[in-house]
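**Student:** The opening position of the sequence shown corresponds to residue 10 in this note's numbering, with each subsequent residue numbered one higher.
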Amino acid sequence: MTEEIAIQVNNVSKIYKLYDKPIDRVNESLNFIKSKKYHREFFAVNDVSFDIKKGETVGIIGKNGSGKSTLLKMITGVLTPSSGNIQINGKISALLELGAGFNPEYSGRQNIYLNASMMGLTKEEIENKVPSIIEFADIGPHIDQPVKTYSSGMFVRLAFAVAINVDPEILIVDEALAVGDDLFQKKCFSRIDAFKKSGKTVLFVSHSGNLIVELCDKAILMNDGEKLIMGPSNTVVNLYQKLLFTPKDKLNNVKEQIEKINHFGIDNNKSHTSDKKSDFEEHRGIYHLKEGLLDEQEEYFDEGLIPSNPILYENKGARIFDYKILNYKGENINVLRFGKKYVLSYKVHFYEKCQNVRFGMIIKTKTGIEISGAETAKPGNGLSSIDVNNILTIEFEFTPKLAAGVYFLRCGVVGIEDDTEIFLDRQVDAIAFRMLEHKKSLMNSLVDFDITSSIYKL
Ligand SMILES: Nc1ncnc2c1ncn2[C@@H]1O[C@H](COP(=O)(O)OP(=O)(O)OP(=O)(O)O)[C@@H](O)[C@H]1O
């Protein structure tokens, strides 16, 4: 392995033996019937290979059970591969499952000593680091209580504080951080960012595509124990989202598409953060962003992008149907381009007479954050009366300026019954849509506020 590589994974597999009945395990250990196989083999990780260079931040993304944690555990040495090998170049600090490496009977402070000494720090080094670890964890007097009394949030605070403060060269973080509150997560991500900027290596598992795009140069997409692709995080996260919303019978199409990309190759060095070529040109002392850097992708309808489990509510006097997003040509699409105008259209059948009716829409992230929405009128100012058996079409024109990723649209219709406004019908997560990557945008978070920047020469 060359000096520039931090982690090298060579044809690694992890096979578990699965037994249909507990007794089969006993029979096998007793070698009851010699020729008989009492187990099935299950590949939690199947022949995975990749290199991570020093200074790279790499995300691992994939559905539940795709083998992400098993892979991380093998890299950190918690699990041994069934075949293949892993080479590590540098001191690893890992934040894996909550509780791993902690003694529940010890206090938080004692666990700092335990963990840091397991990381190879001397007593003196640990003494020097304890104040900053305690300050970062920020769990007050609980630091001297046994960790078995900790909430999962307190636990992750302490674990992350230790992991990041023991001067590792490689930081490995599993989904664990998700249990911290928002403020703590923000604090962790800025520490990870600083760690990354200091040229160290980060390996990061998350289900959040946005987080992976934000934090990582590259990403690995795992599926059923296999590495489907490794490439620039944006590309990989787009493919992951495609995979996630593709029905089982169409999965092979997506896999073929990924194989094609693998075959024709993604230039791994051309990720957004490591591209050394400047996007600027200087003209009379002002640095301008070069025009037309990359072409934009076309919008389209992705059959696989259908919300899998929409929550159904009972309707009362009205029913929403035929909801869709239309482009300016009136075509039904669900993969949208940044900054283009679209129409959310839905129909409402009123099967009872309804009073003071208003219609609405909301766009949400996968985690349920409401990003934007609108109503046709303020409360009390809706359509005064709609007769039975009327069908209305409602259209909301909108211009999404959002980061690449999947979003959900909710539509609703409300009316007044006995002086109270009630939902006549609502379709929660009625439509899932994906925003294409806006290659010319320099936006670094979820929503574009049309921020512009200037750089002047003094
Ligand atoms: N000890 C074990 N015995 C048998 N099967 C196991 C064992 N540990 C993990 N598996 C299986 O291996 C597969 C991969 O598990 P793993 O925890 O690595 O997935 P993951 O991608 O991290 O999932 P998640 O996103 O849900 O955390 C799963 O199907 C899991 O059930």
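C-beta atoms are modelled at their ideal positions from N, C-alpha and C, and glycine is treated no differently.
How many Å lie between Tyr351 and Glu404 at the Cα?
**Tutor:** 10 Å
**Student:** Is the beta carbon of Ala168 within less than 7 Å of some heavy atom of ligand 1?
**Tutor:** no
**Student:** Using only Cβ atoms and a threshold of 5 Å, which residues come within that distance of a heavy atom of ligand 1? Order them by chain position.
**Tutor:** That gives Tyr25, Ala53, Asn73, Gly74, Ser75, Gly76, Lys77, Ser78 and Thr79.
**Student:** Taking its Cβ as the centre, do 16 or more other Cβ atoms sit within 10 Å of Glu65, making it buried, or is it exposed?
**Tutor:** buried
**Student:** So, with DSSP's three-state summary, where would you put Asp434?
**Tutor:** strand
**Student:** Do you know offhand how far Lys77's Cα is from Val214's?
**Tutor:** 7 Å
**Student:** From what residue to what residue does the beta strand (DSSP E) around Val54 run?
**Tutor:** Arg49 to Lys62
**Student:** Suppose contacts are defined by Cβ-Cβ distances below 8 Å. Is Leu445 in contact with Val344 by that definition?
**Tutor:** A contact, by the Cβ cut-off of 8 Å.
**Student:** Do you know whose CA, among Lys63, Lys30, Glu114 and Asn336, lies nearest Met10's CA?
**Tutor:** Lys63
**Student:** Check for me: the alpha helix (DSSP H) holding Pro471 runs from which residue to which?
**Tutor:** In this structure the chain extends from 10 to 467, so residue 471 is not present and cannot be described.
**Student:** Is the Cβ-Cβ distance between Ile16 and Ile179 less than 8 Å?
**Tutor:** yes
**Student:** Whose C-alpha, out of Ser463, Lys448 and Gly99, is nearest the C-alpha of Asn243?
**Tutor:** Lys448
**Student:** For Tyr47, count the other beta carbons within 10 Å of its own beta carbon; 16 or more makes it buried, fewer makes it exposed. Which is it?
**Tutor:** buried
**Student:** To which residues of the same chain is Ile152 closer than 6 Å at the C-beta, ignoring the five residues directly before and after it?
**Tutor:** Gly117, Arg118 and Ile143
**Student:** In chain order, what are the residue ranges of uninterrupted beta strand (DSSP E) at least 3 long that sit wholly in the region 311 to 386?
**Tutor:** 327 to 335, 351 to 359, 363 to 374 and 379 to 384
**Student:** Taking three-plus beta-carbon pairs below 8 Å as touching, is the region 449 to 463 in contact with the region 411 to 429?
**Tutor:** Yes, the region 449 to 463 is in contact with the region 411 to 429.
**Student:** Got a sec? Which residues, its chain only, sit under 6 Å from Tyr322 by beta carbon, not counting five neighbours each side?
**Tutor:** Arg435
**Student:** By the three-class DSSP mapping on this structure, what secondary structure does Val397 have?
**Tutor:** coil
**Student:** Can you find at least 3 beta carbon pairs, one from the region 152 to 161 and one from the region 76 to 93, that sit closer than 8 Å?
**Tutor:** no
**Student:** In this structure, does DSSP put Thr244 in helix, strand or coil?
**Tutor:** Correct three-state label for Thr244: helix.
**Student:** Where does the unbroken beta strand (DSSP E) through Tyr159 begin, and where does it stop?
**Tutor:** Run containing Tyr159: none; DSSP gives neither H nor E here.
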